[in-house]
Amino acid sequence: MRVVVDPITRIEGHLRIEAEIDNNVITDAYSSCTMWRGIERIVQGRDPRDVWAFTQRICGVCTTVHAFASIRAVEDALGIDIPPLAQALRNLIIAVQYIHDHVMHFYHLHALDWVNVPNALKANPERASEIARSLSNWPNSSPGYFKDLLTRLKNFVSKGRLGIFANAYWDHPAYKLPPEIDLIAVAHYLEALEWQRHIVRIHTFLGGKNPHPNFLVGGVPVSVNLDGPAVINAKVLSEIKHHIDQAVEFVREVYVPDLLAIASFYKDWAKYGDGGGNFLVYGEFPEGQLYDLDRLFFPRGAILNHDLGKVYEVDTKDPEQVQEVVAHAWFRYSVGDDKGLHPYEGETEPNYTGPEPPYEYLNTDGKYSWLKAPRWRGHPMEVGPLARMVVAYALGHRAVRDKVGFALKKLDVPVEALFSTLGRTAARCLETWVIAEDYLPDLYDRIITLINSGNTGTFNGEKWDPKTWPKEAKGMGFMEAPRGSLGHWVRIKDGKIENYQVIAPTTWNAGPRDAKGQPGPYETSLIGTPIHDPKQPLEILRTIHSFDPCLACAAHLYDPEGNELVRVKVQ
Ligand code: NFE
282 MRVVVDPITR IEGHLRIEAE IDNNVITDAY SSCTMWRGIE RIVQGRDPRD
332 VWAFTQRICG VCTTVHAFAS IRAVEDALGI DIPPLAQALR NLIIAVQYIH
382 DHVMHFYHLH ALDWVNVPNA LKANPERASE IARSLSNWPN SSPGYFKDLL
432 TRLKNFVSKG RLGIFANAYW DHPAYKLPPE IDLIAVAHYL EALEWQRHIV
482 RIHTFLGGKN PHPNFLVGGV PVSVNLDGPA VINAKVLSEI KHHIDQAVEF
532 VREVYVPDLL AIASFYKDWA KYGDGGGNFL VYGEFPEGQL YDLDRLFFPR
582 GAILNHDLGK VYEVDTKDPE QVQEVVAHAW FRYSVGDDKG LHPYEGETEP
632 NYTGPEPPYE YLNTDGKYSW LKAPRWRGHP MEVGPLARMV VAYALGHRAV
682 RDKVGFALKK LDVPVEALFS TLGRTAARCL ETWVIAEDYL PDLYDRIITL
732 INSGNTGTFN GEKWDPKTWP KEAKGMGFME APRGSLGHWV RIKDGKIENY
782 QVIAPTTWNA GPRDAKGQPG PYETSLIGTP IHDPKQPLEI LRTIHSFDPC
832 LACAAHLYDP EGNELVRVKV Q
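When we follow our numbering, the leftmost residue of the sequence shown carries the number 282, and every step to the right adds one.
Set out below in structure tokens:
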């Protein structure tokens, strides 16, 4: 039988999964993005220095990353080096983005796949307090705290006001946590909502606002003077430090202990959700200029077929390495739909051949998604926190090896457990922990050292004037967005954008089959998963959510004339 989940909720954007289920096991799966991407066309003919502000609107979740990839692409094309302090302040924005995004994903988008809210009502508050105190030093852990929360929760439920917790498969037997752990997780769900408002204030200091802080080709749009008004001064820096300390504490005392406690009840999910075992990482946190590739905190590399013994070099500018394929995507290529195109030569020509809505099933033998299928040397590749942790682990990254090793030992599972739904969800948390403990405090110290040693420049304006630009130029801006490797490829001609292509992380993970029929990582990850009840496909949600889908990044909602294609009513 074929089961359709459409839309998948608790993600960003529109995703449809069609799964073939035989004897309560998924035997095949298809991932379809049901809306179209068009930003690449909107930026054609524009000033390259402005394009970040358009591409940034691709998504409000990873609210910084498309701006970063854009300014990096333009800087690469025009040969602009940025001052060390600008690079460090950019890294601070990115690190904050990771921590904010990952914590919110765990608590607000993914936790309810594992945490049963009505079951929390059965909790004993004294016992919940004991467990919470055994897990961490987080202060909100008294019996009274949990008793109050229980009373609030009971009030909600008795008045039929479960609200955001209302529509779930709460009677599904796959929920396994004791009520006390469910209650602790609900407490932290609510606390994380409050906490996330504070950490993003760092973006407001460095970019004026969040979502969508301001950016600048050639640097960052703030100046630094310890004694000056209305700039990054000593007072602002101490506030930034305060927010960093709070972020680190929340990750260490709440997110990591919760993840490990919850994961210990779901170790069977180390058997399911393997996305194929190919991992791709472009790399992030440049210590020098962006293309000093051996000075990236999270290293670049590719792994094939689960083999941690070999990490391949990756060149995103090599036309043989990164390509997008449209054999099963609703696009048309001038060279033929069975060929792959490198993004420098990329084309964005829609060609919808699917059924007219309403329809029961997509024609999955033909084209069936608005996502192209990106490939690295012809292989489908998983990107994201798991890819970053696996590549860094394979390359012997000290902090990653320590923290991944700690979690494997604590959960008593082998390293192969990483290749799974459980591994993917754990990797996101471990990555956050690495950034919070092993990167962010050092980065802050480096910023202070640069300032104290007089390196306060934040902008290189040498090539600001288009008259200094070559007639034609091309560049590639890469970054590791929270959901994985992101690339913007830009061609500039006569001072304007001639061609622009984006491959977002979710395009790598959620893309359809290619010309050879190879499925994408979402599709592969579902095959072999047992489904207890096809009418309550919680298992599909668990694995798909473990990737943290963002279809808004992967595709956009406008046709070439800018007309609205779909209106979504939020109830
Ligand atoms: Ni809209 Fe995004 C991230 C990007 S995922 S969230 O992280 O790029 O495709």
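Ideal Cβ placement from N, Cα and C applies to all residues, glycine included.
Query	Result
Once the 5 residues before and after threonine 713 are set aside, which same chain residues still bring their CB inside 6 Å of it?	Ile380, His383, Val532
Where does alanine 762 land, buried or exposed, given buried means 16+ other C-beta within 10 angstroms?	buried
If you draw a straight line from the C-alpha of histidine 347 to the C-alpha of glycine 425, how long is it?	45 Å
May I ask whether a heavy atom of ligand 1 can be found less than 7 Å away from the beta carbon of leucine 676?	no
Give the C-beta separation of phenylalanine 740 and leucine 497 to the nearest angstrom, bearing in mind that I take them to be a contact with Cβ-Cβ under 8 Å.	6 Å
Pull up the DSSP beta-bridge partners for isoleucine 778, would you.	Ile773
Which residue's Cα is closest to the Cα of histidine 524: Trp611, Asp646, Pro786, Tyr725?	Tyr725
What residue range is occupied by the uninterrupted alpha helix (DSSP H) comprising isoleucine 292?	Segment: none, isoleucine 292 is in no alpha helix (DSSP H) and carries neither H nor E.
Can you tell me which of the three DSSP states histidine 453 falls into?	coil
Taking the alpha carbon of arginine 482 as the point to measure from, which residue in Ile465, Glu472, Val517, Tyr311 has its own alpha carbon closest?	Val517
Would you kindly check if the distance between the Cβ of glutamine 325 and the Cβ of isoleucine 784 is under 8 Å?	no
For the beta strand (DSSP E) that contains phenylalanine 690, what are its first and last residues?	It is worth fixing the name first, because residue 690 is lysine in this sequence and not phenylalanine. Segment 679–692 is the alpha helix (DSSP H) holding lysine 690; no beta strand (DSSP E) there.
Can you look up aspartate 287 in the DSSP assignment and give me helix, strand or coil?	coil
Between histidine 769 and alanine 354, is the Cβ-Cβ spacing less than 8 Å?	yes
Starting from the N-terminal side, write out each stretch of the beta strand (DSSP E) that is 3 residues or longer and does not extend beyond the stretch 559–624.	560–562, 565–567, 577–579, 582–584, 603–606
Just to check, is the beta-carbon of arginine 764 closer than 7 Å to a non-hydrogen atom of ligand 1?	yes
What separation, rounded to the nearest whole angstrom, lies between the Cα atoms of histidine 362 and isoleucine 352?	According to the sequence displayed, residue 362 carries aspartate and not histidine. Approximately 11 Å, taken between the alpha carbons.
What residue range does the beta strand (DSSP E) around glutamate 301 cover?	296–303
Tell me the DSSP secondary structure of aspartate 309 in three-state form.	strand
Measure the CB-CB distance between leucine 393 and isoleucine 292 and report whether it falls below 8 Å.	no
Going by the CB atoms, is the gap between tryptophan 651 and threonine 290 shorter than 8 Å?	no
Can the beta-carbon of serine 701 be found closer than 8 Å to that of glycine 554?	yes
Is the stretch 360–375 touching the stretch 566–586, taking contact as three or more C-beta pairs under 8 Å?	yes
Can you tell me whether arginine 669 is buried or exposed? The criterion is at least 16 other CB atoms within 10 Å of its CB, across all chains shown.	buried
So valine 696 packs on valine 592, CB below 8 Å; how close in whole Å?	Contact flag wrong, Cβ pair sits at about 15 Å.
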